[in-house]
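Enquirer: Taking full-length UniProt numbering, the leading residue of the sequence shown gets 1, the next gets one more, and so forth. The beta carbon of each residue, even a glycine, is placed where N, CA and C say it ideally should be. Note that the structure is predicted; figures quoted are calculated from it, not measured.
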Amino acid sequence: MSFFKFRYIFRQKYLLVFTVIVIILFLMYQLFSVGQLGKELSRRNPRPKLQTNFKNYEKADGFMQSKSADREIKDDVWHAASNVQDKAKFILGVLPSSQRFYKPTPRNTFKCIESGEEIDFAFVNDNYCDCSDSSDEPSTSACSSGRFFCTHQSKHSLNSVLSYKVNDGICDCCDGSDEWLRITLPEHTLVPVNKQKGIFQVPCPVNCIS
């Protein structure tokens, strides 16, 4: 092999190695930049609080009460006033015996009832399932495996529905408390009241039997 041919091959290999090194360094720089950008965005845009998701609702101990002027549901249906002490708001979807769990800790956090996880109290009823036991979303449909306990309870059995049925336009609780947003179904699916045989649509009638 001549000297000139050897030098040519050596240059080609050197150029190839140099190119590979430059590409690797460029990719590493890009990955580092993306990571730094993600951290910066997370710092600037923290997880939205409850008030952001529900601008028309006031937060009071985790209970969301509509401020809508056309609300026709009586307060005693929503708040179960006979069970509320010291004028504290009744958290919708929670039995009276479990209301005590929905109080913020001194650190303003909420402790998931069964799983024991601890989250910011503002994440309770924010329409996002944080607790693995679904206990942080008693009033919404965010945790599909959760349970929503109707405000009206009979003396002999617990009245509840799976959380995914909350605010779906169909009245599952006899007092309509599972449809507190009063979301109506699409017009083409609506059935006249006199033809809603046992399966009622929003607006919900109150047909509870003690």
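Starting from D168, follow the beta strand (DSSP E) in both directions and report where the run begins and ends.
Expert: Run containing D168: none; DSSP gives neither H nor E here.
Enquirer: Less than 6 Å between C-beta atoms, sequence neighbours within five positions excluded: which residues of the same chain meet that for G176?
Expert: C204
Enquirer: Tell me which residue opens and which closes the beta strand (DSSP E) that I119 is part of.
Expert: E118 to D120
Enquirer: With a 10 Å radius around its C-beta and 16 neighbouring C-beta atoms as the bar for buried, classify T140 as buried or exposed.
Expert: buried
Enquirer: Quick check: G146 and S163, are their CB atoms within less than 8 Å of each other?
Expert: yes
Enquirer: To test your reading of the DSSP string, which unbroken beta strand (DSSP E) runs of 3 or more residues are found completely within the stretch 114–163?
Expert: Listed in chain order, they are 118–120, 147–149 and 160–162.
Enquirer: Is it true that the CB of C150 sits closer than 8 Å to the CB of S135?
Expert: no
Enquirer: With a cut-off of 8 Å on the beta carbons, I'd call T109 and D120 a contact; round off their distance for me.
Expert: 6 Å
Enquirer: Using DSSP's beta-bridge definition, name the partner residues of F200.
Expert: C171
Enquirer: Comparing C-alpha positions only, which one of G169, I209 and G198 sits nearest to E187?
Expert: Nearest C-alpha to E187: G169.
Enquirer: Does DSSP put F90 in a helix, in a strand, or in coil?
Expert: coil
Enquirer: When the Cα atoms are used, what is the spatial distance from I183 to Q201?
Expert: Distance between the alpha carbons of I183 and Q201 is about 9 Å.
Enquirer: Can you give me the C-alpha to C-alpha distance between K13 and L31, rounded to a whole angstrom?
Expert: 27 Å
Enquirer: Look up F110 in the DSSP assignment and give the residues it is bridged to.
Expert: I119
Enquirer: Can you give the Cα-Cα distance for F63 and F90, rounded to whole angstroms?
Expert: Bear in mind that a pLDDT of 41 at F63, under 50, signals an unreliable position, so the model cannot answer this.
Enquirer: Helix, strand or coil for V20? Go by DSSP, reduced to three states.
Expert: Here V20 sits in helix by DSSP.
Enquirer: Within the same chain, show all residues whose beta-carbon is closer than 8 Å to that of N167, passing over the 5 residues directly before and after it, in chain order.
Expert: T140, S141, D178, E179, W180, L181 and I183
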